[in-house]
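First up is the structure itself, then whatever we jot down about it.
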Amino acid sequence: EAQVTQNPRYLITVTGKKLTVTCSQNMNHEYMSWYRQDPGLGLRQIYYSMNVEVTDKGDVPEGYKVSRKEKRNFPLILESPSPNQTSLYFCASSLYRTGNTEAFFGQGTRLTVV
Amino acid sequence: AQSVAQPEDQVNVAEGNPLTVKCTYSVSGNPYLFWYVQYPNRGLQFLLKYITGDNLVKGSYGFEAEFNKSQTSFHLKKPSALVSDSALYFCAVTPGGRNNRLAFGKGNQVVVIP
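Chains as they are written, first to last, in our numbering: chain A, 118 to 231; chain B, 155 to 268.
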């Protein structure tokens with residue numbers, strides 16, 4: 118089954134404790150991205166990757182890191198989480214980087230930083 | 155930079171009545187437009203897209219949308235709403251070309267009343 122898999126689904130952590138949210142897709146998609154969803158703000162892009170070893174900042178990159186060492190994986194790293202990073206996070210992938218193909222989303226990771 | 159406006163926070167409609175969810179966009183160049191739906195505790199699912207060609211596009215679950223270039227709108231419609239259509243709906247736009255950066259609206263909660 119074609120899918121984007123995120124782990125974990127739920128995570129509660131303390132301020133400053135490094136964490137990684139994993140994302141993997143099995144569709145050989147070129148483009149991957151991370152979004153955060155906050156009430157009243159819709160989805161905002163954090164980082165994106167147009168291919169292996171090619172990553173760039175989205176609209177809200179502060180406090181986050183990513184890497185794309187393999188085509189299928191695109192982990193999101195919070196080096197020192199803070200309470201304002203409490204949010205619902207989605208990983209997404211698209212076949213091409215050119216904007217005319219739809220995105221497939223993971224199930225989401227609900228992160229709480231206390 | 156591209157942007158999307160979804161002017162209504164919530165749309166209430168009686169089951170069997172027509173459903174319309176409004177979306178206007180701002181982007182330089184020719185837009186690629188998308189609608190996604192999010193059910194509770196799920197990731198976003200693709201409904202339909204406009205890339206080029208016929209202004210009326212048909213998608214999943216009986217939904218359709220009309221691209222209006224002069225009004226920069228891409229309203230989502232369904233002739234007869236079902237209770238199971240109750241969900242959060244997002245409009246999104248990319249500028250097309252070399253980057254698949256989606257800009258999302260804040261979302262519309264649709265409530266279909268039995």
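For each residue, glycine too, the CB sits at the ideal point set by N, CA and C.
Pick from B/157, B/160, B/173 and B/162: whose alpha carbon is nearest that of residue 266 of chain B?
The residue labelled residue 266 of chain B in the question sits at position 112 within the second sequence. The shortest C-alpha separation from residue 266 of chain B is found at B/173.
Going along the chain, which residues of its own chain have a beta-carbon closer than 6 Å to the beta-carbon of residue 124 of chain A, five neighbours each way excluded?
One-based indexing of the first sequence puts residue 124 of chain A at position 7. Taken in chain order, the residues that qualify are 139.
Mind listing the chain B neighbours of residue 119 of chain A? Cutoff is C-beta to C-beta under 8 Å, in chain order.
One-based indexing of the first sequence puts residue 119 of chain A at position 2. By Cβ distance, chain B contributes nothing, its closest Cβ being about 12 Å from residue 119 of chain A, past 8 Å.
Taking the alpha carbon of residue 199 of chain A as the reference point, which residue from A/131, A/120, A/119 and A/118 has its own alpha carbon closest?
Position 82 of the first sequence holds residue 199 of chain A. The candidate whose alpha carbon is nearest that of residue 199 of chain A is A/131.
Looking at the strands, I want to know which residues DSSP matches up with residue 224 of chain B.
As a first step, residue 224 of chain B is located in the second sequence; it is residue number 70 there, counting from the start. None, per the DSSP bridge assignment.
Which partner residues does residue 190 of chain A have in the DSSP bridge list?
Reading the first sequence from its first residue, position 73 is the one you call residue 190 of chain A. Looking at the DSSP assignment, residue 190 of chain A forms a beta bridge with A/141.
What ranges does the beta strand (DSSP E) occupy inside the stretch 170-238 of chain B, keeping only unbroken runs of at least 3 residues that lie completely in it?
For the stretch 170-238 of chain B, whole beta strand (DSSP E) runs of length 3 or above, ordered along the chain, are 173-175, 178-180, 186-192, 198-204, 210-212, 218-222 and 227-232.
Between residue 158 of chain A and chain B, is any beta-carbon pair separated by less than 8 Å?
Here residue 158 of chain A is taken as the residue at index 41 of the first sequence, counted from 1. For residue 158 of chain A, the answer is yes, since a Cβ of chain B falls inside 8 Å of its Cβ.
For residue 210 of chain A, list the residues DSSP reports as bridge partners.
For the purposes of this step, residue 210 of chain A is taken as residue 93 along the first sequence, with counting starting at 1. BP columns for residue 210 of chain A point to A/149 and A/221.
To the nearest whole angstrom, what separates the beta carbons of residue 176 of chain A and residue 154 of chain A, a pair I think is in contact under 8 Å?
The residue you call residue 176 of chain A lines up with position 59 of the first sequence. The residue you call residue 154 of chain A lines up with position 37 of the first sequence. Not confirmed; about 13 Å, so no contact.
8 Å is my cut-off, CB to CB: does residue 260 of chain B come that close to chain A?
Working through the second sequence from its first residue, we reach residue 260 of chain B at position 106. Yes - at least one Cβ of chain A is within 8 Å of the one on residue 260 of chain B.
Once the 5 residues before and after residue 255 of chain B are set aside, which same chain residues still bring their CB inside 8 Å of it?
Locating residue 255 of chain B in the second sequence gives position 101, where the first residue counts as 1. The answer, listed in chain order, is 156, 248 and 249.
Can you tell me which of B/238, B/184 and B/261 puts its alpha carbon nearest to the alpha carbon of residue 216 of chain B?
Working through the second sequence from its first residue, we reach residue 216 of chain B at position 62. Residue 216 of chain B has its Cα closest to that of B/238, out of B/238, B/184 and B/261.
Does any residue of chain B have a CB that is nearer than 8 Å to the CB of residue 217 of chain A?
Taking the first residue of the first sequence as 1, we reach residue 217 of chain A at position 100. For residue 217 of chain A, the answer is yes, since a Cβ of chain B falls inside 8 Å of its Cβ.
Starting from residue 174 of chain A, follow the beta strand (DSSP E) in both directions and report where the run begins and ends.
On the first sequence, residue 174 of chain A is found 57 positions in, with the first residue counted as 1. Run containing residue 174 of chain A: 171-174, per the beta strand (DSSP E) assignment.
Go ahead and pull the three-state DSSP assignment for residue 162 of chain A.
Start at 1 with the first residue of the first sequence, and residue 162 of chain A comes out as number 45. It is a strand residue.
For the stretch 160-169 of chain B against the stretch 202-213 of chain B, do three or more pairs of beta-carbon atoms, one drawn from each stretch, fall closer than 8 Å, so that the two count as touching?
Touching, no.
List the residues that DSSP assigns as beta-bridge partners of residue 241 of chain A.
Since the first and last residues shown for chain A are 118 and 231, residue 241 of chain A lies out of range.
Taking the Cβ atom as the reference point for each residue, do residue 188 of chain B and residue 159 of chain A lie within a distance shorter than 8 Å?
For the purposes of this step, residue 188 of chain B is taken as residue 34 along the second sequence, with counting starting at 1. For the purposes of this step, residue 159 of chain A is taken as residue 42 along the first sequence, with counting starting at 1. Cβ atoms of residue 188 of chain B and residue 159 of chain A: not closer than 8 Å.
Measure from the alpha carbon of residue 184 of chain B to the alpha carbon of each residue in B/260, B/224, B/268 and B/240, then state which is nearest.
Locating residue 184 of chain B in the second sequence gives position 30, where the first residue counts as 1. The shortest C-alpha separation from residue 184 of chain B is found at B/224.
Determine, using beta carbons only, whether residue 222 of chain A comes closer than 8 Å to chain B.
Along the first sequence, one-based indexing puts residue 222 of chain A at 105. It does; some Cβ of chain B falls within 8 Å.
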